Amino acid sequence: MIGAKSRRILITGGNTGLGLALAAKLARRHKLLLTGRKSEGEVAGTLPPGAGYLVADQSDPEASAATVLRGIRDFGWDTLDNAVLNAGTGFAAVNGIDSTQAIRASLDVNLLSALLQARALYPLLKKSGGTLTLIGSVAHKGSAAVPAYAASKAGLHGLARALRSEWKADVSVQVLHPGPAKTDMHEKAGYDPGFMRSLFLAPDDVAAMMASAIAARRSPVTLSWVKYLNGGAYTGRRL
Amino acid sequence: MTRSPKRALVTGGSAGLGAAAVSLLQAGGYEVVVLDKDSPAASENPVKHISCDLASRPELDAALPELIASGPYGLIFLNAGINATGHFESIEAQAHIDVIRINAEAPMVIFARLLEAGAMRRGAAAVFVSSLSHFTGYPGAASYAASKDALAIYAKSMRRHAKSRGVSLTVAFPGPLRTGHAERHAPKGADASKPMDPAEAARLILADALAGRKSSIPGSANRTFAVLGRIAPKPVTALMRRLIYSRL
Ligand SMILES: NC(=O)c1ccc[n+]([C@@H]2O[C@H](COP(=O)([O-])OP(=O)(O)OC[C@H]3O[C@@H](n4cnc5c(N)ncnc54)[C@H](OP(=O)(O)O)[C@@H]3O)[C@@H](O)[C@H]2O)c1
Numbered sequence: 003m004i005g006a007k008s009r010r011i012l013i014t015g016g017n018t019g020l021g022l023a024l025a026a027k028l029a030r031r032h033k034l035l036l037t038g039r040k041s042e043g044e045v046a047g048t049l050p051p052g053a054g055y056l057v058a059d060q061s062d063p064e065a066s067a068a069t070v071l072r073g074i075r076d077f078g079w080d081t082l083d084n085a086v087l088n089a090g091t092g093f094a095a096v097n098g099i100d101s102t103q104a105i106r107a108s109l110d111v112n113l114l115s116a117l118l119q120a121r122a123l124y125p126l127l128k129k130s131g132g133t134l135t136l137i138g139s140v141a142h143k144g145s146a147a148v149p150a151y152a153a154s155k156a157g158l159h160g161l162a163r164a165l166r167s168e169w170k171a172d173v174s175v176q177v178l179h180p181g182p183a184k185t186d187m188h189e190k191a192g193y194d195p196g197f198m199r200s201l202f203l204a205p206d207d208v209a210a211m212m213a214s215a216i217a218a219r220r221s222p223v224t225l226s227w228v229k230y231l232n233g234g235a236y237t238g239r240r241l
Numbered sequence: 064m065t066r067s068p069k070r071a072l073v074t075g076g077s078a079g080l081g082a083a084a085v086s087l088l089q090a091g092g093y094e095v096v097v098l099d100k101d102s103p104a105a106s107e108n109p110v111k112h113i114s115c116d117l118a119s120r121p122e123l124d125a126a127l128p129e130l131i132a133s134g135p136y137g138l139i140f141l142n143a144g145i146n147a148t149g150h151f152e153s154i155e156a157q158a159h160i161d162v163i164r165i166n167a168e169a170p171m172v173i174f175a176r177l178l179e180a181g182a183m184r185r186g187a188a189a190v191f192v193s194s195l196s197h198f199t200g201y202p203g204a205a206s207y208a209a210s211k212d213a214l215a216i217y218a219k220s221m222r223r224h225a226k227s228r229g230v231s232l233t234v235a236f237p238g239p240l241r242t243g244h245a246e247r248h249a250p251k252g253a254d255a256s257k258p259m260d261p262a263e264a265a266r267l268i269l270a271d272a273l274a275g276r277k278s279s280i281p282g283s284a285n286r287t288f289a290v291l292g293r294i295a296p297k298p299v300t301a302l303m304r305r306l307i308y309s310r311l
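As they're listed, the protein sequences go chains A and B.
Using the working numbering, read the first sequence as starting at 3 and increasing by one per residue.
Using the working numbering, read the second sequence as starting at 64 and increasing by one per residue.
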């Protein structure tokens, strides 16, 4: 693209769902490094051509931060223009109450891993005046179906608010809150949205809104039907 | 036959806001169970102490059976918390982990398991101590802010289900308190408002909890701050930056 500078972009949870949809959108113009929990063999052939892939299991937050940092260096990058911390998991609360394991996994995978990755990536983002994007959810305001998941996303919201102020001179920090999208997440979480699923947005459209929100560097941004119907997937800035 | 006594659980009951809540509850006729890694200060009304470091998952898992067996509770006060202040990137990873585990994960686990086990009576009140920071950005304490937002939203998410089991749920948003915690972490002269006496804050929070209110913001200055933070998030966060972050 004329004038569009090629960026170095990390997308965690980039091997499927929203992360992969975003990667597919950006792959032609930018250099991508994607992460996930699945092995390289399992994702072979599904990723956009040219994208790097790294296994970083976020069930151990500290190890995941170290793995991502090492992986970026091994990939030959000493700066990062964008970090999109998108990997996430959820668990439907059985009889209204989360198991201890669901509480711990939600906080570890969704919140603490992103927090420690942000901390580890700061020097790389700072060097290029980059942007840190945390992927929250509209559930960050509360959800009886997935209380621990909602809590983890509220944590990301608070983290972004604080860091946006702390790092304002060096790194743009934002949190994006997608509305429900047609990915496999709900099935994996053991949650059946029923006919409501037909109202969910297509991952591709959410990814388009993610890309323009990332380019605009604003925060917080809700990516839902309201934005979509206002042309959010087709207008707006280009990343 | 004697009437079974009212029983309360206070986490982090050995100091600060928690200790103040313990005294008030005892004065109100409650038998109090304190979950804390430190022993409570000796007093005329002894409490039952369950020792547990909430940063440790195995310790919490090991303490849960006794915690459940010590109920059923008429009131639980989930208060234990720590802070880690400084520039986010220079704070040790382990300190961030402890903040999330102690402030958010542990009270979520305790509440979920007590509710599931029926260890709270019908009509019981549960208090989640979040922070006034929920209404603003909190540069200089990013993981703390994250933990307190997570806790507040967990509580909000659980309210309806808890109600179906007869338990009311109150989220407390105290501002700066005159406790060891605040003195350790707040830079000198950092507070916009005068720190509040923990006994006063505990009194106001418990009154709101026993009245079944959804939230409790003790003190009129703090309530004003919360409103301002909601309607003008950017200037209020900028103020927090000036008052706290730039003095670290
Ligand atoms: N879909 C929605 O309706 C919706 C709505 C609001 C917010 N969101 C958020 O958007 C983000 C992406 O969601 P999605 O719908 O694309 O979900 P998805 O299709 O289930 O994909 C989740 C991604 O996260 C990765 N992941 C999960 N657990 C992991 C772990 N322990 N370690 C490392 N990676 C892990 C997965 O990698 P593996 O496949 O290798 O496990 C996968 O790449 C999440 O943060 C989600 O909370 C989604």
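In this text, a Cβ means the ideal position worked out from N, Cα and C, and glycines have one as well.
Keep in mind the model is a prediction, meaning the values are calculated, not measured.
Near ligand 1: residue i beta-carbon under 6 Å from a heavy atom
i: arginine 39/A; result: yes
i: asparagine 232/A; result: no
i: alanine 156/B; result: no
i: leucine 20/A; result: yes
i: serine 139/A; result: yes
i: glycine 15/A; result: yes
i: threonine 48/A; result: no
i: serine 220/B; result: no
i: alanine 153/A; result: no
i: glutamine 307/A; result: The shown model of chain A, from 3 to 241, leaves out residue 307/A, and the question about it has no answer.
i: methionine 303/B; result: no
i: methionine 187/A; result: yes
i: alanine 183/A; result: yes
i: valine 228/A; result: no
i: glycine 144/A; result: no
i: alanine 209/B; result: no
i: alanine 89/A; result: yes
i: proline 180/A; result: yes
i: valine 299/B; result: no
i: valine 111/A; result: yes
Proximal chain B residues relative to residue i, where beta-carbon distance stays under 7 Å
i: histidine 142/A; result: Ile216
i: glycine 98/A; result: His224
i: serine 154/A; result: Ala213
i: leucine 22/A; result: In chain order: nothing, as chain B lies at least about 27 Å away.
Cross-chain neighbours of residue i in chain A, by beta carbon under 7 Å
i: proline 202/B; result: Ala164, Ser167, Glu168
i: lysine 219/B; result: Gly144
i: glutamate 152/B; result: Arg121, Tyr124
i: glutamate 122/B; result: Ordered by position in chain A, no residue passes the 7 Å Cβ test against glutamate 122/B, which lies about 13 Å from the chain.
Partners in chain B for residue i, counting only beta-carbon separations shorter than 8 Å
i: aspartate 207/A; result: Simply none; closest approach about 26 Å.
Cβ neighbours of residue i in the same chain (closer than 8 Å, five flanking residues each side left out)
i: arginine 166/A; result: Ser174, Val175, Gln176, Ser221
i: glutamate 152/B; result: none
i: arginine 6/B; result: Outside the modelled stretch of chain B, which goes from 64 to 311, sits residue 6/B, for which no answer is possible.
i: alanine 313/B; result: A query on residue 313/B cannot be resolved here, the shown segment of chain B reaching from 64 to 311 and no further.
i: alanine 204/A; result: Ala183, Lys184
Neighbourhood of residue i by C-beta distance below 6 Å, restricted to the same chain and skipping five residues each side
i: histidine 159/A; result: Gly138, His142, Val177
i: valine 86/A; result: Ile13, Thr135
i: threonine 69/A; result: Ala58
i: glycine 26/A; result: Before going on, a small fix: residue 26/A reads as alanine here, not glycine. So the list reads Pro50, once near-sequence residues are dropped.
i: alanine 118/B; result: Asp161, Arg164, Ile165
i: alanine 167/B; result: Ser210, Ala213, Leu214
i: proline 237/B; result: Ala264, Pro281
Amino acids of chain A, ordered along the chain, whose beta-carbon sits closer than 8 Å to that of residue i
i: histidine 159/B; result: Leu114, Leu117, Leu118, Arg121
i: valine 172/B; result: Thr102, Ile105, Arg106
i: serine 231/B; result: Chain A residues near serine 231/B: none, gap ~16 Å exceeds 8 Å.
i: tyrosine 308/B; result: Ser167, Glu168
i: lysine 211/B; result: Gly160
i: glutamate 168/B; result: Ile105, Arg106, Leu109
Residues near residue i by beta carbon distance below 7 Å, same chain, minus five either side
i: aspartate 260/B; result: Arg241
i: tyrosine 308/B; result: Pro202, Gly203
i: aspartate 207/A; result: Tyr230, Ala235
i: leucine 291/B; result: Val299
i: alanine 158/B; result: Ala147
i: glutamate 155/B; result: none
Chain D within 7 Å of residue i, Cβ atoms only
i: threonine 102/A; result: Judged by its chain identifiers, the structure shown contains no chain D, and its protein chains are A and B.
Chain B contact residues for residue i, given Cβ-Cβ distances below 9 Å
i: serine 41/A; result: Going along chain B, no residue has its Cβ under 9 Å from serine 41/A, so there is no contact; the nearest lies around 26 Å.
i: glycine 19/A; result: Near glycine 19/A there are no residues of chain B at all, since even the closest Cβ is about 23 Å away, more than 9 Å.
Requested in this report: Give, in chain order, every unbroken run of the alpha helix (DSSP H) that is at least 4 residues long and sits entirely within the segment 7-76 of chain A.
Outcome: Counting only runs of 4 or more, we get 19-28, 42-45, 63-76.
Report task. Please specify which runs of the beta strand (DSSP E), each continuous and at least 3 residues long, are wholly inside the segment 97-134 of chain B, giving them in chain order. Result -> 111-114
Requested in this report: Kindly provide the ranges of any alpha helix (DSSP H) runs that are 4 or more residues long and lie completely inside the segment 98-151 of chain A, ordered along the chain.
Outcome: 102-108, 115-130
Query raised in the report: At what residue ranges does the segment 175-228 of chain A contain a whole run of the beta strand (DSSP E), taking only runs of 3 or more?
Result: 223-225
Report task. Return the chain-ordered ranges of every alpha helix (DSSP H) run that is complete within the segment 213-279 of chain B and spans a minimum of 4 residues. Result -> Entirely contained in the segment 213-279 of chain B, the alpha helix (DSSP H) runs reaching 4 residues are, in chain order, 243-248, 261-273.
Report task. Return the chain-ordered ranges of every alpha helix (DSSP H) run that is complete within the segment 135-198 of chain B and spans a minimum of 4 residues. Result -> 156-163, 169-179
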